[in-house]
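Trainee:
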Amino acid sequence: MLNDAIRTTQYGPTTKQSRIRTDSLQLTTKATMNDDLGFDLSGRTAVITGGYGTLGGSMAEHLTKAGVRVGVLGRRREPAEEKAAELQEHGPDALPLVANVLDEEALEEAKATVLEEWGQLDILINAAGGNVAEARTGDGRSIFDVPKEAFREVVELNLDGTVLPTQAFGEIMAEQGEGSIVNISSMAAHRAITEVPGYSPAKAGVENFTKWMAVEAAQEFGEEVRVNAVAPGFFIAKQNRDVMLNPDGSYTKRTKTVLQNTPMDRLGDPDELGGVVHWLCSDAASFVTGVVIPVDGGFNAFSGV
Ligand SMILES: NC(=O)c1ccc[n+]([C@@H]2O[C@H](COP(=O)([O-])OP(=O)(O)OC[C@H]3O[C@@H](n4cnc5c(N)ncnc54)[C@H](OP(=O)(O)O)[C@@H]3O)[C@@H](O)[C@H]2O)c1
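Everything in the sequence shown is counted per my numbering, starting at 8 for the first residue and increasing by one.
Laid out in structure tokens, this is it:
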């Protein structure tokens, strides 16, 4: 959130042109003038879809430690309540929110709960998603065997499941004139990852929507509504455990291939996503919108040679 006093005295009128200054004294940015360097998130509120999942849950813990009140959204009440209770022990407040990200009515109810409890929403992380087993190829199944229902399901979960919460919760940010949305993409959006013909275009769609929404937000709702994405590399999670690990816990052939193509030669730890998400949601990223940041141990950069 911009410090209005600083903005007025240092930048003058808050037009885009007035913020482009050339002399060295005035090159000081809004962020560096803040005591906290712009990284302070305390007092803010967030909704994390997939908030009790592996990656969403880890981001929820990070934001809680940073003093953010976190709404944990997922389809099942019990794990949402458990996660919210766990977060409450370590931070200011947490809310369980029960909704399917494809159910507009349930999302509207979750939105009403957030507004009733906190009266504001500063951060939305769209982390609900993942592949759908029936939409996989491999093990003798080719692209011609993928049922269209399974293909649709995985595209809907990841793409519509990002767009619909953005419509519901993003509207609060549009009205406030500030807020930060972080979508969760995947390496599958950038290059062909075998066996996931539906997940890949769905995540490519998430990245395209991230850019589209960033432009819409900046032009229609003001520069303080920002939309970015994180593209995680490979992490062991609930939805991919069986694909990444053999029953005895050793890496599958596929995981070994992933490691061969990851210069750091290891999988990610979910906690390694927190720092990037934190930065993207903070004032330190005030001029950053429409970007996708890989957190992948170099996978995205590597040619394989
Ligand atoms: N793990 C990786 O290596 C990796 C890599 C790149 C990207 N990602 C992405 O990271 C995100 C988080 O995945 P994860 O790996 O942490 O998997 P996860 O542990 O299975 O978490 C997924 C979460 O999404 C929730 N969810 C699923 N369908 C939902 C729906 N229709 N409505 C509301 N919530 C729903 C799940 O809860 P319920 O099913 O109980 O609702 C669960 O909490 C996903 O978008 C995934 O595609 C993961």
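Note that beta-carbon positions come from the ideal geometry of N, C-alpha and C, so glycine has one too.
Just checking G137 against ligand 1 - is the residue's beta carbon closer than 7 Å to any of the ligand's heavy atoms?
Mentor: yes
Trainee: When the Cα of N64 is compared with those of P301, V284 and F309, which residue comes out closest?
Mentor: Checking the displayed sequence, the identity of residue 64 turns out to be Gly instead of Asn. Ranked by how close their Cα comes to the Cα of G64, the residues P301, V284 and F309 have V284 in first place.
Trainee: Shortest alpha-carbon distance to L62 belongs to which of G78, K245, V162 and A308?
Mentor: For the residues G78, K245, V162 and A308, the minimum Cα distance to L62 belongs to K245.
Trainee: Decide yes or no for the touch test of the stretch 189-201 against the stretch 210-222: beta carbon pairs closer than 8 Å, at least 3 of them.
Mentor: With a cut-off of 8 Å on Cβ pairs, the stretch 189-201 is in contact with the stretch 210-222, counting three or more such pairs.
Trainee: By the 10 Å Cβ neighbour count, where 16 or more other Cβ atoms means buried, how is D303 classified, buried or exposed?
Mentor: buried
Trainee: Quick check on Y258: does DSSP put it in helix, strand or coil?
Mentor: In this structure, Y258 counts as strand in the three-state DSSP scheme.
Trainee: Would you identify the three-state DSSP class for N190, choosing helix, strand or coil?
Mentor: It is a strand residue.
Trainee: Helix, strand or coil for G81 per DSSP?
Mentor: strand
Trainee: So the alpha helix (DSSP H) V121 belongs to, where does it begin and stop?
Mentor: E111 to W125
Trainee: Within the chosen definition, does the stretch 266-283 reach the stretch 235-253 through at least 3 CB pairs nearer than 8 Å?
Mentor: Touching, per the Cβ criterion.
Trainee: Can you grab the Cα-Cα spacing for the pair V2 / A221, in whole Å?
Mentor: Residue 2 lies beyond the range of the chain shown here (8 to 312); nothing can be said about it.
Trainee: Could you spell out where the beta strand (DSSP E) holding I130 opens and where it closes?
Mentor: I130 to N133
Trainee: Which term fits K118, buried or exposed, when burial requires 16 or more other beta carbons within 10 angstroms of its beta carbon?
Mentor: buried
Trainee: Which residues does DSSP pair with F242 in a beta bridge?
Mentor: G275
Trainee: Can you look up A38 in the DSSP assignment and give me helix, strand or coil?
Mentor: Residue confidence for A38 is low, a pLDDT of 43 falling below 50, so the modelled location carries little weight and cannot support an answer.
Trainee: Considering only their Cβ atoms, is the gap separating Q127 from T173 smaller than 8 Å?
Mentor: no
Trainee: Can you determine whether any heavy atom of ligand 1 sits closer than 7 Å to the C-beta of Y59, and answer yes or no?
Mentor: yes
Trainee: Rounded to the nearest angstrom, how far is the Cβ of L48 from that of V75, given a contact under 8 Å?
Mentor: That pair is a contact at about 5 Å.
Trainee: Within the chosen definition, does the stretch 91-111 reach the stretch 155-162 through at least 3 CB pairs nearer than 8 Å?
Mentor: no
Trainee: Just to check, is the beta-carbon of L164 closer than 7 Å to a non-hydrogen atom of ligand 1?
Mentor: Yes.
Trainee: Quick check on N133: buried or exposed, where buried means 16 or more other Cβ atoms within 10 Å of its Cβ?
Mentor: buried
Trainee: Using only the alpha-carbon positions, how far apart do V295 and I150 sit?
Mentor: 38 Å
Trainee: Cβ of F216 within 7 Å of any heavy atom in ligand 1?
Mentor: no
Trainee: Considering Cα atoms alone, identify which of G281, T56, P270 and A135 is closest to T71.
Mentor: G281
Trainee: Heavy atom of ligand 1 less than 7 Å from the Cβ of R82, yes or no?
Mentor: yes
Trainee: Assign S257 to buried or exposed, taking buried as 16 or more other Cβ atoms, counted over all protein chains shown, within 10 Å of its Cβ.
Mentor: exposed
Trainee: Kindly provide the ranges of any alpha helix (DSSP H) runs that are 4 or more residues long and lie completely inside the stretch 153-190, ordered along the chain.
Mentor: 155-162 and 168-183
Trainee: May I ask whether a heavy atom of ligand 1 can be found less than 7 Å away from the beta carbon of L62?
Mentor: yes
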